[in-house]
Structure formats: structure tokens, C-alpha cells
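For reference, the structure is listed below as C-alpha cells.
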Amino acid sequence: MLANKKKDRYKILVALLSILLVIPMTSASAMHIMEGYIPGGHCILWGVICIPFLIAGAISMKKQMSGDGRVKLLLALAGAFVFVISSLKIPSVTGSCSHPTGTGLGAILFGPSVMSVLGIIVLIFQALLLAHGGLTTLGANTFSMAIAGPFLSYGIFALLKKLKAPIGLNIFLATALGDLFTYCVTSFQLAFAFPGDSFGYSILKFMGIFATTQVPIAIAEGILSVIIFNVLNANCQKELKTLRVI
1 MLANKKKDRY KILVALLSIL LVIPMTSASA MHIMEGYIPG GHCILWGVIC IPFLIAGAIS
61 MKKQMSGDGR VKLLLALAGA FVFVISSLKI PSVTGSCSHP TGTGLGAILF GPSVMSVLGI
121 IVLIFQALLL AHGGLTTLGA NTFSMAIAGP FLSYGIFALL KKLKAPIGLN IFLATALGDL
181 FTYCVTSFQL AFAFPGDSFG YSILKFMGIF ATTQVPIAIA EGILSVIIFN VLNANCQKEL
241 KTLRVI
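Quick note on numbering: the sequence shown equals residues 1 to 246 in my numbering.
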């Protein structure tokens, strides 16, 4: 009887997260770093930097996929979550935008390298289907959203876990700060491409503009991540233990 109730709750969780796939998207008038916005040399550089992370992520994902079937389902839902939540955007810096990333929670569950693979898949679909981001800027967007942010989120989570911080506070800080760090990296990328008279002034200018919209978005993402994790913790403890999250 108890097992059936847990299965029913798990089905409800899957249904709720699946609803994210049919939420209407806002107009794709704003983008990550948009198509053709940064110089070609920068596009190539960021693409090359991403390669070792993607290779490591593919190896890690293969191991994850060979395990429990419900873990595979959670992995798919993590990708869907990133796709939808990172498509909800607010125009910010010229050539870019502010939006949640969703990659922090995935990094906590599956590790940061796996999120690099899920992230680049999401970014490719967004570029092709939503005109959100671009193929030429795929490397830059992948590094900021699917590599830098997730690695920071995972590092904060691992550190606070060792310090025995409350799990809710841990999830909130890890995902919110990972979101903010994504935009610190994006600011660096834009300042690197367009340094103006001073690289330092340029990066501070980009970060200052992003902060106006990104700070409240990061806080909201942190709260949402805690809510989702609490649902997972209540219904999928076996899977979370398998993933060594708890």
C-alpha cells in the first residue's frame, strides 16, 4: 500500500514537471548572446574551451544512463526543466538577456559535467526553434550557462554539505549563486569581445546592467529549486541516495 502511494506521488511529480514542456513561451525577441554578436575568433575560442567538459560530461552521462530507469527519467526531466526555465527571458544588455538557467539544480543531482551536455543540447534547440541564442555563439553560451554556473553550484553544494548546512539553505545558495555566476561569466565574455577604452570598466558596466534584472531572477530560481528538491526528497529518496545527493 505504501509502495503504491509512493508510485502515485512519483507519477504526480513527473506530470507536474512535464507541464513545463507545454507552458507557452514568451516572444523570442531577446537572446542569450545572440547569433553573430561576438567576433568569430571569440566564438571559436569558447567552443574549443568547451570540448573537454563535453567529453567528460558524455562519459558521465553514459554511466548515469546505465543505471536505474527512474534516474534516467529524472535526467530527462532535468533537461526539460533547463530548456523551459532558460527560455523565460527579460531583455537586458544589448545582444543578450537575463533569464533563469535551471542548470544549478541539475548539477546538484547529476554532477556539473553532465549539465554541460544537457546544456548544449538545450542551447542548440533554443537557437534552432526559438531564435534564442545562436549557433555561432553556442560555445560562449555553453561555457557560461552549462559549464561555469553548474560547476560553481556543485562546488557550493558540496562545500555546504560537508559543513552540514541545512539542505534547503544549501540548495538555495548553490542554485542562486550559480545563476548569478553565469552572468558574471557572460559579462566577462562581452567585455572581452568589446573592451572599449578599459576592459575593467567594460566588465563592471555589463555586470551592473545585468544585476538589475538578474539578482531577483536568481533569488526566484533559488526558491523554485528548493521547492522542487523538497518534492524529490519526499518521493525519490532512493534515487537521490543512488546519486549521492543525500
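In this text, a Cβ means the ideal position worked out from N, Cα and C, and glycines have one as well.
Item, Value
"Whose C-alpha, out of L243, P52, L105 and S198, is nearest the C-alpha of F172?", "L105"
"Below 6 Å CB to CB, which residues in the same chain sit around C236 once its five sequence neighbours on both sides are set aside?", "none"
"Apart from the five residues on each side of it in sequence, which residues of its chain come closer than 6 Å, Cβ to Cβ, to P100?", "I85, I217 and E221"
"Check S98 in the structure and name its three-state DSSP category.", "strand"
"Please name the residue, chosen from T136, T103, T175 and K205, that lies closest to V226 on a Cα-to-Cα basis.", "T175"
"Using only CA atoms, which one of I209, G155, L232 and F229 lies nearest to S113?", "G155"
"Since F157 is in the alpha helix (DSSP H), which residue starts that stretch and which ends it?", "G149 to K162"
"Give me the Cα-Cα distance between N233 and E239, rounded to the nearest whole angstrom.", "9 Å"
"Just to confirm the assignment, what range does the alpha helix (DSSP H) spanning L88 have?", "Looking at the DSSP string, L88 is not in any alpha helix (DSSP H), and its letter there is neither H nor E."
"What number of angstroms, rounded off, separates the C-alpha of V22 from the C-alpha of I223?", "Interpretation of V22 is limited by its pLDDT of 38, a score under 50 that renders its predicted location unreliable; the figure taken from the coordinates is listed afterwards. Taking the straight line from one Cα to the other gives about 22 Å."
"Contact between the segment 132-145 and the segment 34-50 is defined here as three or more beta-carbon pairs at a separation below 8 Å; is this criterion met?", "yes"
"If I follow the unbroken alpha helix (DSSP H) through F145, where does it start and stop?", "First, the residue type needs correcting, since residue 145 is Met and not Phe in the sequence shown. Premise fails: M145 is in no alpha helix (DSSP H) and is neither H nor E."
"Identify whether M34 lies in helix, strand or coil by the three-state DSSP scheme.", "coil"
"Looking only at C-alpha atoms, which of G111, K161, R244 and L169 sits nearest to A148?", "G111"
"Below 6 Å, is the gap between the Cβ of L163 and the nearest heavy atom of the ligand NAP?", "As for the ligand NAP, it is missing from this structure, which has no ligand bound."
"N230: buried (16+ other C-beta within 10 angstroms of its C-beta) or exposed?", "exposed"
"Straight-line CA distance for S60 to D197?", "43 Å"
"In whole angstroms, what separates the C-alpha of S187 from that of A58?", "28 Å"
"Could you compute how far the alpha carbon of I209 sits from the alpha carbon of F181?", "14 Å"
"In angstroms with no decimal places, state the Cα-to-Cα distance between L98 and A191.", "The sequence shown places Ser at residue 98, not Leu. When rounded, the distance between both Cα atoms is 16 Å."
"Using a Cβ-Cβ cutoff of less than 8 Å, which residues in the same chain neighbour P39 once the five nearest sequence positions on both sides are dropped?", "A193"
"State the Cα-Cα distance for the pair L129 and Y37, rounded to the nearest angstrom.", "19 Å"
"Could you tell me the boundaries of the alpha helix (DSSP H) in which T103 lies?", "T103 to F110"
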